[in-house]
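In this text, residue positions in the sequence shown follow full-length UniProt numbering: the first is 1, and each later residue adds one. Heads up, the beta-carbon is just placed ideally off N, CA and C, and yes, glycines get one too. As the structure is a prediction and not an experimental result, all values here were calculated from the model. Reviewing the structure listed below.
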Amino acid sequence: MPALILAFAITLVLAAVSLFVGVSDVSLASLLAGGAEGRALEVLLISRIPRTLALVLAGASMAIAGLVMQMVVRNRFVEPSTTGTTESAALGFLVVTLFAPGWPLMAKMGVSALFALGGTALFLRILRVVPLRDVLLVPLVGIMLGGVIGAFTAFIAYRANLMASLLAWNMGDFSGVLRGRYELLWLGLVCCALAYIAADRFTVAGMGKDFTTNLGLNYQRVMALGLVIVSVVSAVVLVSVGSIPFLGLIVPNLVSLMIGDNMRRTVPWVAIGGAGMVLACDIIGRLIRFPYEIPIAVVMGVVGSAIFLYLLLRTPRGAT
C-alpha cells in the first residue's frame with residue numbers, strides 16, 4: 001500500500017506539471033494576476049484541465065484493456081494494437097463516417113466498438129485453428145491480422161479521400177483535446193471499474209477453460225465480458241484521441257514483474273502506471289521541440305518498442 005500511494009502521488013505530480021506545460025502562459029503567477037482578462041484561467045479550464053483528464057483516463061483505460069486482453073488470450077505479449085482490435089475499431093469508424101456522417105459521436109463510437117468486438121473475435125477464432133507452438137506466435141498472428149485489416153481500411157479511405165482522417169485516428173494526439181471533446185473517455189473509467197469488479201473471474205479464466213468450469217464459473221460469459229471491455233475502451237480512445245501503441249502491452253507486463261499475476265492486486269497498479277506513463281510521454285512530447293509538439297503516439301512508440309524488446313530479450317533471473 002505505501003508503494004501504491006507513492007505511485008499515485010507521482011502520477012498526481014505529473015498531472016500537475018501537465019497543467020502548466022504549453023505555449024500559452026499558464027502559471028500560478030498569471031492565474032493570480034488575472035492578466036489579459038483572465039486568459040490564463042480560460043486556457044486552464046478550456047484546454048489544460050480537459051487535456052490532463054483525457055491523458056489520465058486514456059492511459060488508465062488502455063492499460064486495463066491490455067491487462068484484460070492478456071488474461072482472455074492467456075498470453076503476455078498481446079494488447080488491442082497487436083490483435084487487430086484497434087484496426088477493426090478504425091475500420092468501423094471509417095464505415096460509419098462514410099455512410100452516416102451525421103450520426104452523433106456516441107453512435108459512431110458504438111459502431112466502432114462493434115467492429116472492434118468482431119475483429120477481436122476473429123483473432124480468437126484464428127488462434128483456435130492455427131497450431132501455436134511458441135508464445136510469440138500469438139502476437140505475430142495478431143499483427144498480421146491487424147495489417148490485413150489496416151490495409152483494407154487504408155484502401156477504402158484512399159478511394160473516399162479520407163486518408164488524412166485515417167492518419168489522425170491512427171496517430172494518438174492530445175493537442176486537440178478541449179472541453180466538450182473528451183467526455184466519452186469517462187466510459188473508459190466505467191470499464192476499468194468493471195474490470196476491477198470482475199478481476200477474480202478474469203484471474204480464474206486466465207488459467208484455462210477446464211479450470212474455470214471446474215470452479216463453477218461460466219467461461220464464455222467471462223470471455224464475453226472481457227472482449228466487451230477491450231472493444232469499448234479501444235473504440236472510445238480511438239474516437240477521442242487516436243491510437244496509442246504499446247501502452248496496453250508494456251504496463252501490465254512491468255506490473256506483473258513487480259507484484260505477480262493476481263488481477264485483483266494488479267488493476268490499481270496498472271491503471272496508475274498507464275496514466276503515469278501517458279502523462280510522462282505527453283510532457284516529453286511537448287518539451288522536446290518546444291514550442292512545437294510531437295504526438296504522443298510517436299513518443300509512446302519509441303519508448304514502448306524499447307521496453308517491448310527488453311521484455312522479449314530479457315534473461316530469466318538465475319538462468320545461465
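Exposure of residue i, with buried meaning 16 or more beta-carbon neighbours within 10 Å
i: T83; result: buried
i: E42; result: exposed
i: F115; result: buried
i: T213; result: exposed
i: R48; result: buried
Alpha carbon of residue i to alpha carbon of residue j, nearest angstrom
i: residue 327; j: S24; result: Outside the shown range of the chain, which is 1 to 320, sits residue 327, and nothing can be said about it.
i: G304; j: L45; result: 31 Å
i: G285; j: T11; result: 17 Å
i: I126; j: G22; result: 45 Å
i: G208; j: G226; result: 14 Å
i: L313; j: M277; result: 22 Å
i: V166; j: A60; result: It is worth fixing the name first, because residue 166 is Leu in this sequence and not Val. Each residue's Cα considered, the two are about 24 Å apart.
i: C281; j: G274; result: 11 Å
i: M109; j: R201; result: 27 Å
i: C191; j: N253; result: 20 Å
i: S18; j: R179; result: 16 Å
i: residue 325; j: P101; result: This structure cannot speak to residue 325, because the chain is shown only from 1 to 320.
i: V129; j: V135; result: 15 Å
Coil, strand or helix - residue i by DSSP
i: F246; result: coil
i: T83; result: coil
i: T320; result: Interpretation of T320 is limited by its pLDDT of 38, a score under 50 that renders its predicted location unreliable; the figure taken from the coordinates is listed afterwards. Three-state result, T320: coil.
i: S231; result: helix
i: G208; result: coil
i: E183; result: helix
i: E293; result: coil
i: F123; result: helix
i: N161; result: coil
i: R264; result: helix
Margin query: Would you call the segment 57 to 74 in contact with the segment 143 to 157, where contact means no fewer than 3 C-beta pairs closer than 8 Å?
Written below: no
Next item on the list: Evaluate the contact criterion for the segment 240 to 248 versus the segment 285 to 303: three or more CB pairs, one atom per stretch, below 8 Å.
Entry: yes
Next item on the list: Please confirm if the segment 85 to 100 is in contact with the segment 116 to 125, defined as three or more CB-CB distances below 8 Å between the two stretches.
Entry: yes
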